Amino acid sequence: MRIGLAGVGRIGAFHAETLRGLDLVDELVVTDVVTDAARALADRLGVSFAASPTELLASDIDGLVVATATPGHAALLRQAVAAGLPTFCEKPLAATLAETIELAKLVDASSVPVQVGFQRRFDSGYGRVAAAVARGELGFVHTIRANTHDQAPPHATYIPTSGGLLRDCSVHDFDIIRFVTGREVASVYATGANKGAPFFSEAGDVDTAAAVLTLDDGTLATVTATRYNGAGHDVRLEVMGSEATLGVGFDNSLAVTSAEPGAGYPTGARHRSFMERFLPAYQAELKAFAEVVGGHRVSACTVGDALEAFRVSEACEVSRREGRVVRLDEIDTL
C-alpha cells in the first residue's frame, strides 16, 4: 500500500522511520509546509516526496498520517474524509472543543476509518492492566494514580499553541484511564502552579498540574503532570483494587531514587523523552493503522475516544481557572 505522511517535524520524522519499515507499506510519500525539510527527509530515507499536502492527497495514496503542528490537523482531516482516505491523526484533532465536536460529527457521518494517536493503548503494560481489570483480577477498582512527567520543558514557542499542560500531556492519562477501566469520567477538580520559566504563565499555562477525577462508578483517580522532572521522563499508572494492584512504568528505567537504606532498585538507564519511553507502542500503533487501511482491523482509538479525552481536559481547564469541581455534563459533547 501507498501511505502519505503530512508533517516531518520531530514526531513526523519519527513516524516516517516506522512507516518505511512496515511490511504492509510498499511506498511512503512525505510532505511538509517546510518543503526543504520534507525533501531532505525523503532523500535520507529513500522515500517519495510531495511538494504540498494538496499534491500528496492527489497522489493516489491509500491512507494518510497527519503529524503536522496542531493547527494543521483539522483541515487535513476534513480533506481526507472528503477523499475517503483512511487517516491516522496525532492528537489533538483540533485546538478547540467546538472544532473537535464538529470533526467528530463529520467522521461519524462518513464511512472513513480514523485512528487517533494515543499510543499508550498499544503499550504492553497498559494492555496487561486493561485485560486484568476486564477479567476482574483486581477485584473492584477503587483508586488510580497516573502521571506524565517530562524531564525538561519544550521550547517556549511551543507553549502558546500546545493547548496547555492538561490538554497536551494529561490528556494521555485521561484517555488511558478510560481505556483500562472501561468507565467514563463523571467529575473533575484540577489545579496548577508555576515555579519554572515565566513563559508558561505568560501564555496562561502552568508547568505543574494535578487533578482528581471521579469516575462514573465512584472510582477515584489522581493525575499529575509537570514539565520539570529532572530525574528523567516518568510516565506511570497504578490501578488499585480490592484484591490486587497493578502498575505500569515500574521497571528498571523508573526515574525515582529510593531513600530506603540499602535499596538498589531501579538499576537501569532512565528514559529522556516520550519517544524513547514509548518506541514499541508507537511502532505498534502505526502497524495497526496500516492494518486499518488494509481492511484487516478497525480503529483502536476512534475520534469518539479522542473527543471524550478532550472533554475531560476541557473540564480540568475550567476547574483550574474557576477553582471548583466541574461535572462532565457541563462540557459540550455530540
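When you read off a place in the sequence shown, starting at 1, and then add 715, the result is the number in this note's numbering. All residues carry an ideal CB built from backbone N, CA and C; glycine is no exception. Keep in mind it's a predicted model, so treat the numbers as computed, not measured.
Applying the 10 Å Cβ sphere with the 16-neighbour rule, what's the burial state of tyrosine 841? One-based indexing of the sequence shown puts residue 841 at position 126. Answer is buried; the Cβ neighbour count reaches 16.
Just the C-alpha distance for alanine 849 and glutamate 805, rounded to the nearest angstrom, thanks. Within the sequence shown, residue 849 is the residue found at index 134, counting from 1. Within the sequence shown, residue 805 is the residue found at index 90, counting from 1. A direct Cα-Cα distance of roughly 27 Å separates alanine 849 from glutamate 805.
Taking the alpha carbon of arginine 1012 as the point to measure from, which residue in Gly907, Val829 and Gly722 has its own alpha carbon closest? The residue you call residue 1012 lines up with position 297 of the sequence shown. That would be Val829, whose Cα lies nearest to the Cα of arginine 1012.
Of the listed residues Pro807, Asp747, Asp738 and Asp922, nearest to alanine 768 (C-alpha basis): As a position in the sequence shown, residue 768 is number 53, starting the count at 1. Before going further, note that residue 768 is proline rather than alanine in the sequence given. When Pro807, Asp747, Asp738 and Asp922 are compared, the shortest CA-CA separation from proline 768 is found for Asp747.
Where the beta strand (DSSP E) through isoleucine 859 begins and ends: Counting from 1 along the sequence shown, the entry for residue 859 is found at position 144. First-last of the beta strand (DSSP E) with isoleucine 859: 856 to 864.
Which residues in the same chain as leucine 756 place their Cβ atom closer than 7 Å to its Cβ, once the five residues preceding and following it in sequence are excluded? Counting from one through the sequence shown, the residue named residue 756 turns up at place 41. Only residues of its own chain outside the window of five on either side were considered, and among them Val723, Ala728, Ala731 and Val745 have a CB closer than 7 Å to the CB of leucine 756, listed in chain order.
Glycine 983 versus glycine 947: straight-line alpha-carbon distance, rounded: The residue you call residue 983 lines up with position 268 of the sequence shown. The residue you call residue 947 lines up with position 232 of the sequence shown. The alpha-carbon atoms of glycine 983 and glycine 947 are separated by roughly 12 Å.
What is the residue span of the alpha helix (DSSP H) that isoleucine 726 lies within? Residue numbering aside, residue 726 sits at position 11 when the sequence shown is read from its first letter. Per DSSP, isoleucine 726 belongs to the alpha helix (DSSP H) from 725 to 735.
Which runs of the beta strand (DSSP E), 3 residues or longer, sit entirely within the segment 888 to 938? Entirely contained in the segment 888 to 938, the beta strand (DSSP E) runs reaching 3 residues are, in chain order, 900 to 908 and 923 to 930.
Close Cβ partners of aspartate 931 (< 7 Å) along its chain, the five nearest in sequence each way excluded: As a position in the sequence shown, residue 931 is number 216, starting the count at 1. Correct list, in chain order: Arg898, Glu899 and Ala901.
Would the beta-carbon of valine 822 fall within 8 Å of that of proline 801? Start at 1 with the first residue of the sequence shown, and residue 822 comes out as number 107. Start at 1 with the first residue of the sequence shown, and residue 801 comes out as number 86. Against a cut-off of 8 Å, the Cβ pair of proline 801 and valine 822 comes out as no contact.
Classify isoleucine 718 as helix, strand or coil using the three-state DSSP reduction. The residue labelled residue 718 in the question sits at position 3 within the sequence shown. Strand.
Give the straight-line distance between the Cα atoms of proline 807 and phenylalanine 1025, rounded to the nearest whole angstrom. The residue labelled residue 807 in the question sits at position 92 within the sequence shown. The residue labelled residue 1025 in the question sits at position 310 within the sequence shown. If you take the alpha carbons of proline 807 and phenylalanine 1025, they lie about 8 Å apart.
Quick one: Cα of leucine 952 to Cα of glycine 851, how far? As a first step, residue 952 must be located in the sequence shown, where it is residue number 237. As a first step, residue 851 must be located in the sequence shown, where it is residue number 136. In this model, leucine 952 and glycine 851 are separated by some 18 Å (Cα to Cα).
Give the range of the beta strand (DSSP E) segment to which glutamate 975 is assigned. Counted from its first residue, the sequence shown places residue 975 at position 260. Unbroken run through glutamate 975: none, as it is neither H nor E.
Between glutamate 770 and leucine 734, what straight-line distance do the alpha-carbon atoms span, to the nearest angstrom? Stepping through the sequence shown from its first residue, residue 770 is reached at position 55. Stepping through the sequence shown from its first residue, residue 734 is reached at position 19. Using only the alpha carbons, I get a separation of about 20 Å.
Residue from Ala721, Arg725, Leu737 and Ile726 with nearest C-alpha to glycine 1009: The residue labelled residue 1009 in the question sits at position 294 within the sequence shown. Cα-wise, what sits closest to glycine 1009 is Leu737.
What residue ranges within the segment 809 to 885 form continuous beta strand (DSSP E) runs of no fewer than 3 residues, ordered along the chain? Runs of the beta strand (DSSP E) inside the segment 809 to 885: 829 to 832 and 856 to 864.
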